[in-house]
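Reminder that position 25 of the sequence shown reads as 24 in numbering that gives the first Met the number 0, one-by-one numbering, no gaps. Cβ coordinates follow ideal geometry from the N, Cα and C atoms, glycine included. The model shown is predicted, which means the values in this text are computed figures rather than measured ones.
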Amino acid sequence: MAKKELFGLCPYVTAQKVLTGKWSMYILYLLSSGPIRFNELQRRMPEEMTHTTLSRQLKTLEDEGLIVRKEYNQVPPKVEYYLSEIGEKFRDVLAELEKWGNEYIKYMDSIAE
Numbered sequence: 000m001a002k003k004e005l006f007g008l009c010p011y012v013t014a015q016k017v018l019t020g021k022w023s024m025y026i027l028y029l030l031s032s033g034p035i036r037f038n039e040l041q042r043r044m045p046e047e048m049t050h051t052t053l054s055r056q057l058k059t060l061e062d063e064g065l066i067v068r069k070e071y072n073q074v075p076p077k078v079e080y081y082l083s084e085i086g087e088k089f090r091d092v093l094a095e096l097e098k099w100g101n102e103y104i105k106y107m108d109s110i111a112e
């Protein structure tokens, strides 16, 4: 069976494909606390990120159905992003990744000593 045939069949291949962006999981983590406007998301990123790069990543997550982009009809324009229904289900995954990440940090610290 070819790898691309596994998308939509294998949960690991499907999850990996949907979360391919470098910052996708971190963006989902930031949105897990509630709706955030674009500029606030950009300020919270751990590295300098261009407007274009963040826009592209958000568009991908929106296309995958994990986030929702809500545009308000006002001047100046206001756009918020928040987790979609299926994106909300990713909260438990984020919590487990946080646990594992903390354990791995402890492991790295222990082998560095």
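- Message: Quick check on residue 63 - is its C-beta less than 8 Å from some C-beta in chain D?
- Response: Any reference to chain D falls outside this structure, which holds one protein chain only.
- Task: Can you grab the Cα-Cα spacing for the pair residue 76 / residue 49, in whole Å?
- Result: Counting from 1 along the sequence shown, the entry for residue 76 is found at position 77. Counting from 1 along the sequence shown, the entry for residue 49 is found at position 50. If I take the Cα positions, the gap works out to 19 Å.
- Message: For residue 44, which residues in the same chain have their Cβ closer than 6 Å to its Cβ, ignoring the five residues on either side in sequence?
- Response: Here residue 44 refers to the residue found at position 45 of the sequence shown. Taking residue 44 as the centre and dropping the five residues before and after it, the same chain places no C-beta closer than 6 Å to its C-beta.
- Return the first residue and the last residue of the alpha helix (DSSP H) that residue 98 is part of. If you number the sequence shown from 1, residue 98 lands on position 99. According to the DSSP assignment, residue 98 belongs to the alpha helix (DSSP H) that extends over 90-111.
- Are the beta-carbon atoms of residue 33 and residue 81 separated by less than 8 Å? Taking the sequence shown and counting its residues from 1, one reaches residue 33 at position 34. Taking the sequence shown and counting its residues from 1, one reaches residue 81 at position 82. Contact flag set, yes.
- Message: What does the alpha-carbon distance come out to for the pair residue 24 and residue 107?
- Response: Walking along the sequence shown from the start, residue 24 turns up at place 25. Walking along the sequence shown from the start, residue 107 turns up at place 108. In a straight line, the C-alpha of residue 24 is about 21 Å away from that of residue 107.
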